[in-house]
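Letter by letter, the sequence shown follows residues -5 to 424 of this note's numbering.
Taking it in order: structure first as structure tokens, then the write-up.
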Amino acid sequence: MRLQKQVIADANAWFDPGLKGLAKGEKAICNWDEDTITMAVEAYTDCLGNAPGQAPAALLLASTTLPFADRQNSVVVAEALNLDTSNLRTMDITCSQRAATSGLLSALDIAAAGKDAVLVASEHRKAKCASREEMLYGDGAAAIAVGGENVIAELVASQSQAVDFIDHYRGEGQDFDYGWEERWVRDEGYMKIVPNAVNALLSKAGVSGGDIAHFILPTDQGRVPPMVAKKLGIKGEAVADNLLQSVGITGAAHVMLLLAHRLEQAVPGDLVLVAGFGQGCDVLLFKVTDAINGQRTGKGVSGHLSNGRPETNYNKYQSFNNLLEKELGKRSEVNKQGYLSSMYRARGLTNSFLGGKCTSCDTVQMPKHKYCVNPECGAFDTQVDHPMAGAAGTIATWTADTLTFDYNPPAYFGMVTFEGGGRIMMDMSE
């Protein structure tokens, strides 16, 4: 969904008239049933397609807003994708806005050892009402596949510097970031730390700023990337659009989002300079290869930018993000704690959306059972896992229920019939 920034300004300008200056454009927001996990799954699928059973050697997930503090979130993503997890390294990378570039460097190390890796960066940050951050933050995710064969961009050089520069922070148990004055962050942070790291990289790689075709520096200060580029001798047209007016700043995910976006526009031979800022700076220099001409699959960033659904209800956005206390009614008062043993037994269905296929008659059914549902078969214990996440479905029946509790009423649910067999009663979203 795309929340129009003007509705935020209209609701809060009585308190802070300065918000009107940030009201141009829109920002991407999660629906009530979306988070960093669901966005990560979508990003991976768009990057590599829905390929059950195929898995990289490593899956890395970068975010500062992961839903679990003590449960590896990347494993949840792997199971949701129905990857072969029997020999899969997983890792959560967090606690910094440069988590994604740090993760990308780790993925490149894995690729250098002859194995494939996928980095997914996903972010869903909260912001206080009537704040600058509320106007600028967006939700989003991006995935980058890293390997050693048929690559679309080769790593030329990298440079990392660690500096405990605190432009903002969010403590344990806190919902919102605490940030410092923008000018100080710009002058002492971006204008000093980033050029130091980039100059060291350019010297190592033996190239000049004028050779760079794409310069990526994610920041919520729109004037900073051109200023840094000018200081480094990088051409103005090389500076990547930060998507401030179409997506918003997606935190740790933004650098990967911008990289994916610029690779959609790149041509063989282009040099792409990526800088991740946060308690220092990671800088990576890539050279685009001829393989990029045949590797554009999925919707990509451009496809998703053109596929947004406008949202003008500011109250709905606040409700979905738990920014206000809302009366949800008696029907919402249920035991929200799941039974972990039952969840584990049913994880094939609930996490990976697996059905069953009878090895005797090839009948597909949802969910998987001990007995085949085909009345002409009825075989016992012949079911094998059958992935349904990529199967096309048809809505057979549906209901819009205004009495059942739903965060975005009415509650839509119905019977879905899948091509190739199988049907299930399920909730529907959007």
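Note that CB positions come from ideal geometry on N, CA and C, so glycine has one too.
Please read these numbers as outputs of a predicted model, since none were measured by experiment.
Would Thr388 and Thr353 be called neighbours here (beta carbons separated by less than 7 Å)? No, Cβ-Cβ distance for Thr388 and Thr353 is not below 7 Å.
Quick check: the Cα distance between Lys18 and Met360, rounded to an integer number of angstroms? Spanning the alpha carbons of Lys18 and Met360 requires a straight line of approximately 46 Å.
Could you round the C-beta distance between Ile187 and Cys275 to whole angstroms and report it? I think they count as a contact, below 8 Å. Yes, they are in contact, since the Cβ atoms of Ile187 and Cys275 sit about 5 Å apart, within 8 Å.
Length-filtered (4 minimum) alpha helix (DSSP H) runs lying within the stretch 68 to 121: Whole alpha helix (DSSP H) segments, 4+ residues: 93 to 106.
Span separating the alpha-carbon of Thr39 from that of Val70: Here the alpha carbons of Val70 and Thr39 stand approximately 14 Å from one another.
Is it buried or exposed for Met337, if we count other Cβ within 10 angstroms and need 16 for buried? Answer is exposed; the Cβ neighbour count stays below 16.
Classify Asp205 as helix, strand or coil using the three-state DSSP reduction. Asp205 sits in a helix when the DSSP states are folded into three classes.
Cα-Cα separation, Leu237 to Lys330: If you draw a straight line from the Cα of Leu237 to the Cα of Lys330, it comes to about 37 Å.
Where Cys355 falls, given that 16 or more other Cβ within 10 Å makes a residue buried: With fewer than 16 other Cβ atoms within 10 Å, it is exposed.
Could you check which residue in Phe412, Pro404 and Leu343 has the C-alpha nearest to that of Val378? If we check each option's Cα against that of Val378, Leu343 comes out closest.
Below 7 Å between beta carbons: does that hold for Leu149 and Val192? No.
For the stretch 211 to 225 against the stretch 18 to 35, are there 3 or more C-beta pairs whose distance is under 8 Å? Here the stretch 211 to 225 does not lie against the stretch 18 to 35, with fewer than 3 beta-carbon pairs under 8 Å apart.
I'd like the list of long-range same chain contacts for Phe314, defined as Cβ closer than 8 Å, with 5 residues on each side in sequence excluded. The residues are Ile23, Cys24, Asn25, Trp26, Tyr401 and Asn402.
Could you check what DSSP says for Thr32 in three-state terms: helix, strand or coil? In the displayed model, Thr32 falls within a helix according to three-state DSSP.
Classification of Ala56 by the beta-carbon crowding that lies within 10 angstroms, buried from 16 upward: By the 10 Å Cβ count, Ala56 comes out buried.
Just the C-alpha distance for Gly415 and Ala74, rounded to the nearest angstrom, thanks. So the two alpha carbons sit approximately 21 Å from each other.
Using CA coordinates, which residue listed in Ala94, Thr95 and Ala51 is at the minimum distance from Asp78? Residue Ala51 is the option with its Cα nearest to Asp78.
Buried or exposed for Ala63, please, with buried defined as at least 16 other CB atoms from any protein chain shown within 10 angstroms of its CB. Around the beta carbon of Ala63, fewer than 16 other beta carbons lie within 10 angstroms, which makes this residue exposed.
When the Cα atoms are used, what is the spatial distance from Gly167 to Phe412? Counting only the Cα atoms, Phe412 lies some 43 Å from Gly167.
Would you say the stretch 256 to 269 touches the stretch 240 to 248, given that touching needs at least three Cβ pairs under 8 Å? No, because fewer than three Cβ pairs between the stretch 256 to 269 and the stretch 240 to 248 fall closer than 8 Å, the two stretches do not touch.
Is it right to say Tyr184 is buried, meaning 16 or more other beta carbons lie within 10 angstroms of its own, or is it exposed? The residue in question, Tyr184, is buried, as its Cβ has 16 or more Cβ neighbours within 10 Å.
Within the continuous alpha helix (DSSP H) that includes Gln312, where are the two ends? Element bounds for Gln312: Tyr308 to Phe314.
As assigned by DSSP and simplified to three states, the class of Ala156: Reduced to three states, the DSSP call for Ala156 is strand.
Taking 8 Å as the threshold, find out whether the stretch 190 to 209 comes into contact with the stretch 135 to 148 through three or more Cβ pairs. By the criterion of at least three beta-carbon pairs nearer than 8 Å, the stretch 190 to 209 is not in contact with the stretch 135 to 148.
Starting from the C-beta of Gln(-2), find all residues in its chain whose C-beta is less than 6 Å away, skip the five residues before and the five after it, and write them out in chain order. Same-chain partners within the cutoff: Glu20 and Thr306.
Do Leu251 and Gly97 have their beta-carbon atoms positioned less than 7 Å apart in this structure? When the beta-carbon positions are compared, Gly97 and Leu251 stay at least 7 Å from each other.
Please list the terminal residues of the continuous beta strand (DSSP E) segment that includes Gln0. Where Gln0 is concerned, there is no enclosing beta strand (DSSP E), although the alpha helix (DSSP H) it sits in stretches over Lys(-1) to Asn6.
I'd like the span of the alpha helix (DSSP H) that includes His298, first residue to last. Start and end: Gly294 to Leu299.
Can you have a look at Gly384 and say buried or exposed, based on whether 16 or more other CB atoms are within 10 angstroms of its CB? When all chains shown are included, Gly384 counts as exposed.
Nearest-angstrom beta carbon gap, Val266 and Val282 [assumed within contact, 8 Å]: That belief holds up - the Cβ atoms of Val282 and Val266 are roughly 7 Å apart, short of 8 Å.
Whose C-beta lies closer than 7 Å to the C-beta of Val249 among residues of the same chain, with five residues either side of it excluded? Sequence-distant Cβ neighbours of Val249 in its own chain, meaning closer than 7 Å and more than five residues away, are Ala94, Thr95, Ile210, Pro212, Val268 and Gly270.
Can you tell me the Cα-Cα spacing of Phe280 and Lys324, whole angstroms? Taking the Cα positions, Phe280 is about 56 Å away from Lys324.
Status (buried if at least 16 other CB within 10 Å, exposed otherwise) for Ala3: Under this definition Ala3 is a buried residue.
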